[in-house]
Amino acid sequence: MDWDKLRIFHAVADAGSLTHAGDKLNLSQSAVSRQIRGLEESLNATLFHRHARGLILTEQGELLFDATTAMNKRLDTASARIRDSEEEVFGDLRVTTTIGFGTLWLAPRLVKLYEQYPDLRVDLMLEERVLDLPMREADVAIRMKEPSQADLIRKRLMTVKMQLFATQAYLDANDTPETLEDLIEHRLICQNVNSAQVGAGSSLVQHLLTYEVRSLLTVNNYFGVLQGVLQDLGLGILPDYVSLDDPRLIRVLPEIESADVPVFLAYPEELRQSKRIAAFRDFVQEEIIAYRKMLRQKENPQGMQ
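Going by UniProt numbering, the sequence shown opens with residue 1, and the numbers climb by one from there.
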């Protein structure tokens, strides 16, 4: 349907006169009349009764006028929100990240984002596949490596290490390993070496598997590894940040850890001015600062007093 004809129809119906509508639209009466006739022909319906005192809507015309009135209200609302968008943050935001980081670090912290921006609608897409940000498969990504796609704004957030954890109940029942050689008496819980994961994590898993552990549980994401550890099934290879949020996790064999894994936030260049992106970016950075402070307190509790 021709949007321009609908705009003219709405003005005529509102004014009740071709002349008054033409004055408002800066169009001649004949031009307005042609547009109305064209709209009526396209709908195969009469929209106005012509009277000496002006135009009166037919039943079909009233239906269409109700629709155009609703459209105008929605457009006015959208225009007002766009004008106010420098101060307000609202609307849809599609965030992609890995299953592990999304479930173990990001999702538990989103309550703080919604406290600040209750009108935001976040679509959290958790998968190991790298979505195409320039093609707008997502608006913003948090990844465990620097993005290789062009035309992306990227920021390094922090580094993560994969470490070995267990629960106290498991250690009480199976003894705490003191050396790498002791691993052969324990069950190892880790990601499958063939599953999608960061290279540093995969290298650590391959190294530990050379010790021919007694029993093994492999999962295709870190959330599953964590659940296995919390059920006292064995020693699990997990990102270091998990232990800050869950005091049930006890680090085992502190000398075992992966190389640094960089965590990057990235979004398309065309979203540089997006208030939603800026709000999410600032929120994540604030949470990273809080995370680093907690990490320092845990590593050096005396020095923070």
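For every residue, glycine included, the Cβ atom is placed at its ideal position computed from N, Cα and C.
Determine, using beta carbons only, whether residue i and residue j come nearer to each other than 8 Å.
i: glutamate 212; j: isoleucine 184; result: yes
i: leucine 204; j: methionine 162; result: yes
i: valine 252; j: leucine 235; result: yes
i: proline 239; j: glycine 100; result: yes
i: methionine 144; j: threonine 69; result: no
i: leucine 120; j: arginine 276; result: yes
i: leucine 39; j: leucine 27; result: no
i: leucine 75; j: valine 284; result: no
i: threonine 58; j: histidine 49; result: yes
i: asparagine 174; j: asparagine 220; result: no
i: leucine 104; j: valine 229; result: no
i: serine 33; j: leucine 18; result: yes
Determine the burial state of residue i: buried for a count of at least 16 other Cβ atoms within 10 Å of its Cβ, exposed for fewer.
i: proline 177; result: buried
i: histidine 186; result: buried
i: alanine 11; result: buried
i: aspartate 2; result: exposed
i: aspartate 84; result: Below a pLDDT of 50, predicted positions are generally treated as unreliable, and aspartate 84, at 49, falls in that range; the measurement from the model is reported next regardless. It counts as exposed.
i: valine 111; result: exposed
Looking only at its chain, what residues have a beta carbon closer than 8 Å to the beta carbon of residue i, apart from the 5 residues adjacent to it on each side?
i: glycine 294; result: Per the sequence shown, the amino acid found at residue 294 is methionine instead of glycine. Cβ within range, chain order: Leu244.
i: glycine 16; result: Gly54, Leu55 and Ile56
Which class does residue i belong to by DSSP, given the choice of helix, strand or coil?
i: isoleucine 277; result: helix
i: glutamine 60; result: helix
i: leucine 18; result: helix
i: methionine 158; result: strand
i: leucine 253; result: coil
i: glutamine 163; result: strand
i: glutamine 285; result: helix
i: phenylalanine 90; result: coil
i: aspartate 260; result: coil
i: serine 30; result: helix
i: leucine 104; result: helix
Thinking residue i and residue j are a contact (beta carbons under 8 Å), I'd like their distance in whole angstroms, please.
i: valine 89; j: aspartate 123; result: Not a contact, Cβ separation roughly 15 Å.
i: isoleucine 250; j: alanine 166; result: 6 Å
i: leucine 180; j: isoleucine 142; result: Not really, about 32 Å apart at Cβ, beyond 8 Å.
i: leucine 188; j: leucine 171; result: Actually they are not in contact, since the Cβ atoms of leucine 188 and leucine 171 sit about 14 Å apart, beyond 8 Å.
Looking only at its chain, what residues have a beta carbon closer than 6 Å to the beta carbon of residue i, apart from the 5 residues adjacent to it on each side?
i: aspartate 151; result: Pro134 and Glu269
i: arginine 154; result: Pro147, Phe264 and Ala266
Excluding the five sequence neighbours on either side, which residues of its own chain have a C-beta within less than 7 Å of the C-beta of residue i, listed in chain order?
i: arginine 109; result: Glu287
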